[in-house]
Structure formats: C-alpha cells, structure tokens
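J.: Have a look at the structure that comes next, please.
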Amino acid sequence: MLYILTGDVQTGKSRWLEKHVKKLAADHVNCYGVISAGVWVESDSTRANTQGFEKRGIECILLPNLERFEFAKRTDISKKEGTFDERSQAGKAGLGWHISDEAIAQVNAHFHNIAEKAQRGMIRGVLVVDELGRLELDRGEGLVEAVRLLEEGASGSFSNALVVARSELAMRVADRFADAWGGAQIILPE
C-alpha cells in the first residue's frame, strides 16, 4: 500500500514522519529512504510561526542509518549568502528552496543503493520518500531514483511506501503510483 502523508506547508509532516519512523524502528520495522527535516531558528521576523520559530533550511536524514546533511536553504537566504545557483535544478524551477544539485545527487545515490539492495533481496521494510514536489512531478528532475523505486511498486523488499507531498500534489502522487502499490491512502500528520 502507498501511504501519502499530506498537509499544507509547515504543518508538521516531516516531524510526524520522524516520530513514526522511530516508533517503527522500536517495533523492529526498518525504514529506507529519506526524511527532509526543517531547520528552525528562534526568530521575531515576519517569517516566524506562532511559536516564534522561522524555517531557514532543510536537512536530509538518510534512512536507516540516520546520516544527516544540509539539503536546502530558503532561496532568499541562499541569494543573500551568494550560494544560489540559477543553473541548478531548483534555480531553473524557481523554487522557494534552493537545493544544490550535489545534495540532490547525494540523495539519488542513496535511493540507487537502496534499489540495488532491494533487487538482491538484502533489505525489507518501508520505503520512505520525504518529499515529492514540483521538481519530481512537473519536471522529471529532483529525486528521480526515489521516483523509479515508487514506479516499481510493491515488492518482497517493500510492501508499503510512505510518501510526503503537499496538499495540492497528493492526488497527483496517488494517481501516478497507486496501481503499482495496490492502492493509496491519504493520511494527515495528526
């Protein structure tokens, strides 16, 4: 089954996912893939949420080993720091987050490694993709190795997958991948 965790921007999808991946690990269920966790700082700016925190970046957590690295910065911050690359996939797409092509390549290499292990029957668990967005769904770019795994569907290694997608993209994810996974269910971070 394909589970699609959805909600509006900054509604706690990745925090919910992190918590549930830990619960699954405690129950001896391995998760393979990536969580895209927000990097939040205390702030009194207009970008701060109601708790007084501002999201300034995104950090990838590679599952199952929990390796972390910087994945994205808000585009305005990246431009101010001089790290914005207009020729990058994210730059050409005009995203609100600047993701370096090197960071995308690192995540794709991780998913490629997962695919190879799955083909050899070396792993078993839940496939986790946080998140599919405009790069993947509109442009055929971004996390292309994750998309390939999702297109292959349920297998001996992965009978279930959990994908994060914003509300406006959730049905597109369901329409594209549900048949390969024997159906899809939309869930909310509650």
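When you number the sequence shown by the numbering used here, it's gap-free, plus one each residue, and the end is 194. A virtual CB, placed ideally from N, CA and C, is assigned to each residue, including glycine.
(1) Let me know the beta strand (DSSP E) ranges lying completely inside the stretch 97 to 183, each 3 residues or longer, listed in chain order.
(2) Tell me whether E194 is buried or exposed, calling it buried when 16 or more other Cβ atoms sit within 10 Å of its Cβ.
(3) If L28 and I39 are in contact, beta carbons under 8 Å, what's the gap, nearest whole angstrom?
(4) What are the boundary residues of the beta strand (DSSP E) that W3 is part of?
(5) What are the partner residues of T54, as DSSP defines its beta bridges?
(6) Have a look at R124, T54, V111 and flag the residue whose alpha-carbon is nearest the alpha-carbon of E63.
(7) Count the other CB atoms, across all protein chains shown, that sit within 10 Å of the CB of F75; report buried if there are 16 or more and exposed otherwise.
(8) Which residues bound the beta strand (DSSP E) around L9?
(9) Quick test of your reading: R138 and S161, contact by CB under 8 Å. State the CB separation rounded to the nearest angstrom.
(10) What residues in its chain sit with their C-beta under 8 Å from that of A178, if we drop five residues either side in the sequence?
T.: Per the coordinate set shown:
(1) If you keep only unbroken beta strand (DSSP E) runs of at least 3 residues inside the stretch 97 to 183, you get 101 to 103, 129 to 134, 162 to 170.
(2) Looking at its Cβ environment, which holds fewer than 16 other Cβ atoms inside 10 Å, E194 is exposed.
(3) The pair is not a contact, with the Cβ atoms about 12 Å apart (cut-off 8 Å).
(4) Residue 3 lies beyond the residue range present for the chain, which begins at 5 and ends at 194; the question has no answer from this structure.
(5) None, per the DSSP bridge assignment.
(6) When each option's Cα is compared against that of E63, the closest is V111.
(7) With 16 or more other Cβ atoms within 10 Å, it is buried.
(8) Start and end: 6 to 11.
(9) With a Cβ gap of about 28 Å, R138 and S161 do not count as contacting.
(10) If we look at A178 and ignore the five residues flanking it on each side, its Cβ neighbours are L6, I8, A188, I190.
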